[in-house]
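Participant:
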Amino acid sequence: MAKKATKKKTARSSKVAAAEELAATAKKSILKPDGNGEIDDVAAVKKLNEARDSIMAELRKTIVGMDQAIDEVLIAIFSRGHGLLEGVPGLAKTLLVSSIAKTLSLSFKRIQFTPDLMPSDITGSELLQDDPETRERKFMFTKGPIFSNLVLADEINRTPPKTQAALLEAMQEKIVSAGGDDYVLDSPFFVLATQNPLEQEGTYALPEAQLDRFMFKIHVSYPSQQEEIDIMRSVTGSGGGTPEQVIGKEDILALQDLVTRVPVADHIFQYVAALVRATRPAEENAPGFVKDFVSWGCGPRACLNLITGAKARAILRGRFGASLEDVQALAGPVLRHRMGLNFAAQAEGVDADHVIGRLLEEIPSDKELYEKEAASA
Numbered sequence: 128m129a130k131k132a133t134k135k136k137t138a139r140s141s142k143v144a145a146a147e148e149l150a151a152t153a154k155k156s157i158l159k160p161d162g163n164g165e166i167d168d169v170a171a172v173k174k175l176n177e178a179r180d181s182i183m184a185e186l187r188k189t190i191v192g193m194d195q196a197i198d199e200v201l202i203a204i205f206s207r208g209h210g211l212l213e214g215v216p217g218l219a220k221t222l223l224v225s226s227i228a229k230t231l232s233l234s235f236k237r238i239q240f241t242p243d244l245m246p247s248d249i250t251g252s253e254l255l256q257d258d259p260e261t262r263e264r265k266f267m268f269t270k271g272p273i274f275s276n277l278v279l280a281d282e283i284n285r286t287p288p289k290t291q292a293a294l295l296e297a298m299q300e301k302i303v304s305a306g307g308d309d310y311v312l313d314s315p316f317f318v319l320a321t322q323n324p325l326e327q328e329g330t331y332a333l334p335e336a337q338l339d340r341f342m343f344k345i346h347v348s349y350p351s352q353q354e355e356i357d358i359m360r361s362v363t364g365s366g367g368g369t370p371e372q373v374i375g376k377e378d379i380l381a382l383q384d385l386v387t388r389v390p391v392a393d394h395i396f397q398y399v400a401a402l403v404r405a406t407r408p409a410e411e412n413a414p415g416f417v418k419d420f421v422s423w424g425c426g427p428r429a430c431l432n433l434i435t436g437a438k439a440r441a442i443l444r445g446r447f448g449a450s451l452e453d454v455q456a457l458a459g460p461v462l463r464h465r466m467g468l469n470f471a472a473q474a475e476g477v478d479a480d481h482v483i484g485r486l487l488e489e490i491p492s493d494k495e496l497y498e499k500e501a502a503s504a
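Residue numbers (the working numbering): 128 to 504.
1) Would you kindly work out how many angstroms separate the C-alpha atoms of R407 and G445, rounded to a whole number?
2) Looking only at its chain, what residues have a beta carbon closer than 6 Å to the beta carbon of A196, apart from the 5 residues adjacent to it on each side?
3) For D243, list the residues DSSP reports as bridge partners.
4) Express the C-alpha separation of N469 and I395 in angstroms, rounding to a whole number.
5) Opposite T321 in the DSSP bridges: which residues?
6) Identify the continuous alpha helix (DSSP H) that holds L201 and give its terminal residues.
7) Using a threshold of 7 Å, state whether the C-beta atoms of Q337 and N284 are closer than that.
8) Output yes or no for whether 7 Å exceeds the beta carbon distance between G525 and S422.
9) Give me the DSSP bridge partner(s) of Y310.
10) My output table needs one value for E253: the three-state DSSP class, helix, strand or coil.
11) Taking 8 Å as the threshold, find out whether the stretch 431–450 comes into contact with the stretch 378–389 through three or more Cβ pairs.
12) Can you tell me whether DSSP reads T269 as helix, strand or coil?
13) Are the beta-carbon atoms belonging to G192 and E354 less than 7 Å from one another?
14) Can you tell me whether D493 is buried or exposed, with buried defined as 16 or more other CB within 10 angstroms of its CB?
15) So does the stretch 246–262 actually touch the stretch 290–300, counting three or more Cβ pairs closer than 8 Å?
16) Give me whichever residues DSSP pairs with F235 in a beta bridge.
17) What do you get for I238, buried or exposed, if any count of 16 or more other CB atoms within 10 angstroms of its CB means buried?
18) Would you report the Cα separation of S275 and L312, rounded to the nearest angstrom?
19) Less than 7 Å between the C-beta atoms of V318 and Y310, yes or no?
20) Buried or exposed, going by whether 16 or more other CB atoms sit within 10 Å of the CB of P491?
21) Can you tell which of N176, L279, L382, T189 has its C-alpha closest to the C-alpha of R207?
22) H346 by DSSP, collapsed to three states: which one?
23) Three or more C-beta pairs under 8 Å: does that hold for the stretch 169–182 against the stretch 445–455?
24) With 7 Å as the threshold, decide whether the Cβ of I434 is near any Cβ in chain C.
25) Looking only at its own chain, which residues have a Cβ that is under 6 Å from the Cβ of L277, when we skip the five neighbours before and after it?
26) DSSP has L222 in a bridge; who is on the other side?
27) Quick check on the DSSP output: the alpha helix (DSSP H) that includes S361 runs from which residue to which?
28) Residue range of the beta strand (DSSP E) that S422 falls in?
29) Considering only DSSP beta bridges, list what R179 is partnered with.
30) With DSSP run on the structure shown, which of helix, strand or coil describes T333?
31) Taking the C-alpha atoms as reference points, what is the distance between D258 and A305?
32) If you run the structure through DSSP and keep just helix, strand and coil, what is G415?
33) Please state whether the Cβ-Cβ distance between V399 and C425 is less than 7 Å.
The structure is reproduced here in structure tokens:
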């Protein structure tokens, strides 16, 4: 009986701890509903813009530089997307993700992908356990590390395709199936995966269909000379402190809904369609350099991610309306992992970012041009 009472006490303590955490998160919420229980969209955009500055300030306590990578990660989070961070070892990718989890009050788990990692090591498995109520032994599902708000898939290309597929399926469906039952993942839910672009031996490249499930492919580059000096001073000294929470889970969910209500002008839809279609070499109007260097172009999901990302970027900058600048700023992270380059491109040293840069120069962005085309259609 003592054992059963202990289990009940532990369960009660867990519930109390969860309630206290929820209350603490609610206190720090930046979005307060009005008397009718609604949140004003324009006011929410202003508060998010202020919160973004606070988030960046908190992250700078542990992260030096990397402003663009941080910005793209935040855009992916508010767009309900996932990100693939690519960079050489030692650039603080893991520290970046864990610090973001702290500032956004998200539960965080890190999974180190290795060749012997099994799908059940990610999703969880059924184990023979004692039922605390009936005291009978039966199979019960034990949740894996994927049941967190923010999951870091470290070196995702070091594990076999079967294990990669288990993660990527959960990313898409937001559920885990085991023993004939479905288990809904935590909300909000994001995956940030990392991979090293240099080492190819002993790795398993992500197939194109799985790469397409990542909203962004984010380049994490070397720091500048001054940033490297600042890193040395910070790490070998007393450090800059620990990031504090800025917003909570409820804020993130509310802001994700806000992104869907951000207006987009017709000419921006037309520009995005023209830009994405220009990456496809089979298109009649595709530029010559695309036909020379690209094997296959981006699918419709690229259009969706460009529009959604542009909306999120706009509200992070205090604007309730997406612009062409927002689309063009995100063209690189959205498109670079969705197009395949041929041997001619490799021989001439042409990469995806080079192709995207030329497309941004050549695809017209004139609002009046698209309005005339729409009127004549």
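Beta carbons: idealized from backbone N, C-alpha and C, even for Gly.
Facilitator: Taking the geometry as given:
1) Along the sequence shown, read from residue 1 onward, the residue named residue 407 stands at position 280. Along the sequence shown, read from residue 1 onward, the residue named residue 445 stands at position 318. Taking the straight line joining both Cα atoms gives about 34 Å.
2) In the sequence shown, residue 196 corresponds to position 69, counting from 1. The answer, listed in chain order, is I345, V347.
3) Residue numbering aside, residue 243 sits at position 116 when the sequence shown is read from its first letter. Its beta-bridge partners do not exist; DSSP assigns none.
4) Position 268 of the sequence shown, counted from the start, is the residue given in the question as residue 395. Position 342 of the sequence shown, counted from the start, is the residue given in the question as residue 469. Rounded to the nearest angstrom, the two C-alpha atoms are 30 Å apart.
5) Your numbering for residue 321 matches position 194 in the sequence shown. Partner(s): L212.
6) To locate residue 201, count along the sequence shown from 1; it is residue 74. That run of the alpha helix (DSSP H) goes 194–205.
7) As a first step, residue 337 must be located in the sequence shown, where it is residue number 210. As a first step, residue 284 must be located in the sequence shown, where it is residue number 157. Cβ atoms of Q337 and N284: not closer than 7 Å.
8) This structure gives no information on residue 525, because the portion of the chain shown stretches from 128 to 504.
9) For the purposes of this step, residue 310 is taken as residue 183 along the sequence shown, with counting starting at 1. In DSSP, Y310 forms a bridge with V303.
10) Position 126 of the sequence shown, counting from 1, holds the residue named residue 253. Correct three-state label for E253: strand.
11) yes
12) Here the question's residue 269 lines up with position 142 in the sequence shown. Three-state result, T269: strand.
13) Against the sequence shown, residue 192 aligns to sequence position 65. Against the sequence shown, residue 354 aligns to sequence position 227. In this structure, E354 lies closer than 7 Å to G192 by Cβ.
14) Locating residue 493 in the sequence shown gives position 366, counting from the first residue. Result: exposed.
15) A contact exists between the stretch 246–262 and the stretch 290–300.
16) The residue labelled residue 235 in the question sits at position 108 within the sequence shown. Bridge partners of F235: L277.
17) Locating residue 238 in the sequence shown gives position 111, where the first residue counts as 1. Counting Cβ neighbours within 10 Å, I238 comes out buried, since at least 16 surround it.
18) For the purposes of this step, residue 275 is taken as the residue at position 148 of the sequence shown. For the purposes of this step, residue 312 is taken as the residue at position 185 of the sequence shown. Taking the straight line from one Cα to the other gives about 7 Å.
19) Position 191 of the sequence shown, counting from 1, holds the residue named residue 318. Position 183 of the sequence shown, counting from 1, holds the residue named residue 310. It is not a contact, given that the beta carbons lie outside the stated cut-off.
20) Translated into positions along the sequence shown, residue 491 becomes position 364. P491 should be labelled exposed.
21) Stepping through the sequence shown from its first residue, residue 207 is reached at position 80. It is L382.
22) The residue you call residue 346 lines up with position 219 of the sequence shown. Strand at H346.
23) yes
24) Absent here is chain C; the protein component of the structure consists of one chain.
25) Here the question's residue 277 lines up with position 150 in the sequence shown. For L277, where only same-chain residues beyond five positions count, the Cβ hits under 6 Å are A228, L233, F235, F317.
26) Translated into positions along the sequence shown, residue 222 becomes position 95. DSSP output for L222 lists no bridge partner at all.
27) Your numbering for residue 361 matches position 234 in the sequence shown. First-last of the alpha helix (DSSP H) with S361: 352–363.
28) Here the question's residue 422 lines up with position 295 in the sequence shown. 421–423 is the extent of the beta strand (DSSP E) around S422.
29) The count along the sequence shown starts at 1 and reaches residue 179 at position 52. Residue pairing from DSSP leaves R179 without any beta-bridge partner.
30) Position 206 of the sequence shown holds residue 333. Per the sequence shown, residue 333 should be read as Leu rather than Thr. Look at L333 here: in three-state DSSP terms it is coil, with no helix or strand label.
31) If you number the sequence shown from 1, residue 258 lands on position 131. If you number the sequence shown from 1, residue 305 lands on position 178. When rounded, the distance between both Cα atoms is 18 Å.
32) Counted from its first residue, the sequence shown places residue 415 at position 288. The answer is helix: DSSP assigns G415 an H, G or I state.
33) As a working mapping, residue 399 is identified with position 272 in the sequence shown. As a working mapping, residue 425 is identified with position 298 in the sequence shown. No.
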